[in-house]
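Position one of the sequence shown corresponds to residue 1 (our numbering), numbered consecutively onward. Positions of the beta carbon are idealized from the N, C-alpha and C atoms, including for glycine. Note that the structure is predicted; figures quoted are calculated from it, not measured.
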Amino acid sequence: MQEDEVHQRLLALLGPEGVSWDEATLRRYASDALRPSRAFPGVETLVSRPQWVARPRNVPEVQGLVRLANEAQVPLIPFGGGSGLMGGALSPCGGIVVDLKGLDRVRRISPEDRTATAEAGVVLQRLEEQLNPAGLMLGHDPWTLPVATVGGAISTNSLGYRGAQYGSMGQQVLGIEAVLPTGEVVQTRAVPKSSTGVSLHQLFIGAEGCLGLVTAATLQVFPLPEHRVLQAVDFPSFEAGFGVIQEMFSRGLVPALVELGEEFETALPPGWGRQRHVAGGAQLFLAFEGIREIAQAQARLARRVWQRAGGARRDPRIARRFWERRHDAAERYLRHIQEAGVAPYLQPWQPPVVDYLHVALPASQVLEYRRRSLALAAAAGLQVRECGLWNRPELFSLVVVDAEGPTGRLGQGMDALLALAQDLGGSMEYCHGVGVRLAHLMEREHGAGLTALRRIKHALDPQGILNPGKLAL
Ligand SMILES: Cc1cc2nc3c(=O)[nH]c(=O)nc-3n(C[C@H](O)[C@H](O)[C@H](O)COP(=O)(O)OP(=O)(O)OC[C@H]3O[C@@H](n4cnc5c(N)ncnc54)[C@H](O)[C@@H]3O)c2cc1C
């Protein structure tokens with residue numbers, strides 16, 4: 001089908017208000033939150049440029065788009081809040097970006113079922129605000145609560161601040177409604193447990209829009225906590241803090257939040273943030289929430305564990321500030337888009353100097369990974385700026401810097417660090433997805449499993465129209 005015919009068919013389907021092709025809109029939707037300065041093969045030649053932005057408002061319009069894309073063999077790229085960090089919403093093959101934020105109805109909140117059914121384009125914060133008056137809340141609370149959508153969070157299987165207690169976004173999905181790449185609508189039964197074969201809704205969790213367009217989901221929601229206890233603790237070393245988290249989990253404590261951070265003095269190339277004073281040791285933030293007596297008892301037990309391990313309590317105002325500011329980065333991200341009309345990270349390619357990783361490891365391998373990754377980075381001429389744990393003892397992250405500026409060695413160094421996590425029995429990413437950033441390592445991650453995933457993709461999407469180039473599918 002000629003481009004002009006696709007254009008006319010889009011207009012006929014969505015009306016002029018539902019389709020854009022002007023330069024400013026295409027530029028805005030060409031970028032998510034992947035920094036082009038991150039270090040992965042092909043980043044220097046990556047060009048993202050959609051031909052159209054389509055804004056469906058309901059499921060039949062989404063079906064119409066999928067059918068049109070199949071007929072015309074044009075890629076469809078689902079787009080939610082555009083805050084994904086891996087380039088999952090980029091358009092490296094051109095095509096139609098499908099902005100799903102027009103599917104914005106909260107269809108049902110059921111206090112009795114403890115569920116909320118929301119369309120894919122509902123921004124998480126808006127859902128949270130509608131749940132709160134009913135005494136309910138989402139269990140998913142990422143930094144990007146004010147930006148990310150229900151569909152985007154499911155499609156990246158995102159993790160948030162309360163992940164230690166409530167799990168990832170995917171773990172809160174009871175049922176899904178999705179439009180398949182060939183146009184049929186699948187609606188799975190929204191119950192917490194069934195035993196009727198493979199759980200079909202799992203097919204769309206973390207699938208980055210490659211297997212279907214999520215149009216709505218029923219989520220498990222939770223009672224608003226009666227009480228919350230926040231703690232901020234200093235440790236002389238990362239190992240001491242890690243030991244405390246391990247003991248808490250081994251004893252069955254269930255914190256809502258665990259964040260352990262350690263910073264190192266590093267040189268930073270100009271323009272890459274402020275040079276910080278690094279106090280040394282490691283800092284732990286904990287939150288316990290829920291029924292007052294239970295939250296208080298858990299916090300008391302945790303305090304005993306960290307006091308015995310040499311932890312020093314910090315000013316409670318520090319813990320409060322940490323909690324209150326947890327969404328500030330996303331607010332800044334939103335403000336930038338509103339003011340500049342483009343994502344802050346859409347910029348000409350810059351040679352990589354800073355990158356980060358979030359790996360999942362068996363808990364027994366975390367300290368070994370930290371030790372070996374510090375050595376590996378140093379041997380590669382790189383510096384580790386931060387390392388940390390988030391939510392669980394198994395979830396480890398690093399920020400890595402090429403302090404001499406762009407030398408070309410960051411990419412190789414990052415690959416070696418990601419491979420080390422896989423070699424220690426871990427997974428190369430625990431919350432941001434794969435997108436284009438990690439696609440080159442999917443074979444190493446999944447082995448023969450990648451062939452199986454590709455067969456599933458081909459069976460569902462024989463023409464490969466849904467989000468090509470992502471997830472290595
Ligand atoms: C400052 C900042 C902080 C962040 N903090 C966190 C954090 O705390 N935890 C975390 O996990 N992540 C975090 N992220 C990453 C990001 O917010 C999450 O990945 C989020 O879940 C993406 O949601 P979105 O709606 O913005 O999705 P998008 O970026 O629009 O899309 C993400 C992927 O999902 C696909 N997609 C979107 N909607 C649909 C749909 N309806 N159906 C099918 N596919 C779809 C897209 O094609 C893309 O592949 C952060 C990002 C930034 C910039």
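Below 7 Å CB to CB, which residues in the same chain sit around Val59 once its five sequence neighbours on both sides are set aside? For Val59, where only same-chain residues beyond five positions count, the Cβ hits under 7 Å are Val179, Val185 and Thr215.
heavy atom of ligand 1 below 6 Å from Tyr333 C-beta: Yes, the beta carbon of Tyr333 sits closer than 6 Å to at least one heavy atom of ligand 1.
Ligand 2 and Glu208: does the residue's C-beta get closer than 6 Å to at least one heavy atom of that ligand? This structure lacks ligand 2; its bound ligands are ligand 1.
Note down the Cα distance separating Ala379 from Leu418, rounded to an integer number of angstroms. In this structure, the alpha-carbon of Ala379 lies about 15 Å from that of Leu418.
Length-filtered (3 minimum) beta strand (DSSP E) runs lying within the region 19-63: You should have 52-54.
Own chain, CB closer than 7 Å to Lys457, minus 5 neighbours either side, in chain order: So the qualifying residues of the chain are Cys210, Leu211 and Leu473.
Measuring from the CB of Ser158, is there a heavy atom of ligand 1 at a distance below 6 Å? With a cut-off of 6 Å, the C-beta of Ser158 is classified as near ligand 1, since at least one heavy atom of the ligand falls inside that distance.
Cys93: beta carbon under 6 Å from a heavy atom of ligand 1? Not so, every heavy atom of ligand 1 lies at least 6 Å from the Cβ.
Do the region 169-176 and the region 96-105 make contact, defined as three or more Cβ pairs closer than 8 Å? Because the criterion of three Cβ pairs below 8 Å is not met, the region 169-176 and the region 96-105 do not touch.
Can you grab the Cα-Cα spacing for the pair Arg292 / Arg313, in whole Å? If you take the alpha carbons of Arg292 and Arg313, they lie about 21 Å apart.
At what residue ranges does the region 316-341 contain a whole run of the alpha helix (DSSP H), taking only runs of 4 or more? DSSP runs (the alpha helix (DSSP H)) wholly in the region 316-341: 316-324 and 328-340.
Rounded separation between Arg38 and Leu301 - CA only: Approximately 41 Å between the Cα atoms of the pair.
Quick check on DSSP: helix, strand or coil for Arg228? Correct three-state label for Arg228: strand.
Where are the beta strand (DSSP E) runs, 3 residues long or more, that stay fully inside the region 383-457, in chain order? Runs found: 383-390 and 395-401.
Find out if the Cβ-Cβ distance for the pair Pro92, Gly469 is shorter than 7 Å. Between Pro92 and Gly469, the C-beta gap is smaller than 7 Å, which places the two residues in contact.
Check whether the Cβ atoms of Tyr29 and Pro50 lie closer than 7 Å to each other. The answer is yes: Cβ separation under 7 Å.
Is Leu34 close to ligand 1? I mean its beta-carbon at under 6 Å from any heavy atom of the ligand. Because no heavy atom of ligand 1 lies under 6 Å away, the Cβ of Leu34 does not count as near it: no.
Beta carbon of Ala148: closer than 6 Å to some heavy atom of ligand 1? With a cut-off of 6 Å, the C-beta of Ala148 is classified as near ligand 1, since at least one heavy atom of the ligand falls inside that distance.
Sorry if obvious, but does the Cβ on Trp475 come closer than 6 Å to a heavy atom of ligand 1? The first residue shown for the chain is 1 and the last is 473, placing residue 475 beyond what the model contains.
Contacting residues, own chain, Cβ-Cβ under 8 Å from Arg326 (five flanking each side not counted): The residues are Asp141, Trp143 and Tyr161.
Could you check whether the Cβ of Val214 sits closer than 6 Å to any heavy atom belonging to ligand 1? Using a cutoff of 6 Å, the CB of Val214 counts as near ligand 1, since one of the ligand's heavy atoms is closer than that.
What does the alpha-carbon distance come out to for the pair Asp402 and Glu265? Computed Cα separation, rounded: 13 Å.
Residue environment, Ser237, which counts as buried when at least 16 other CB atoms sit within 10 Å: Exposure of Ser237 is indicated by the presence of fewer than 16 other C-beta atoms within 10 angstroms of its C-beta.
How should Asn467 be labelled, buried or exposed, when 16 other C-beta atoms within 10 angstroms of its C-beta is the threshold for buried? Taking all protein chains in view, the Cβ of Asn467 is crowded by 16 or more other Cβ atoms within 10 Å, so the residue is classified as buried.
What's the C-alpha gap between Val359 and Glu129? A straight-line Cα-Cα distance of about 32 Å links Val359 and Glu129.
Does the beta-carbon of Gly84, which I'm using as the reference point, lie nearer than 6 Å to any heavy atom of ligand 1? Under cutoff, so the answer is yes.
Kindly indicate the opening and closing residues of the alpha helix (DSSP H) around Ala378. Note, Ala378: alpha helix (DSSP H), Val366 to Ala379.
N-terminal and C-terminal residue of the alpha helix (DSSP H) that Tyr161 is part of: Looking at the DSSP string, Tyr161 is not in any alpha helix (DSSP H), and its letter there is neither H nor E.
Where Ser250 falls: helix, strand or coil (DSSP): When secondary structure is reduced to three states using DSSP, Ser250 falls in the helix class.
Beta carbon of Leu257: closer than 6 Å to some heavy atom of ligand 1? No, since every heavy atom of ligand 1 falls outside the 6 Å radius drawn around the Cβ of Leu257.
Residue closest to Tyr166, alpha-carbon to alpha-carbon, out of Met137, Gly183, Thr188 and Leu145: Closest by alpha carbon: Met137.
Under 6 Å: does the beta carbon of Pro78 sit that close to some heavy atom of ligand 1? It does: the Cβ of Pro78 is within 6 Å (strictly closer) of some heavy atom of ligand 1.
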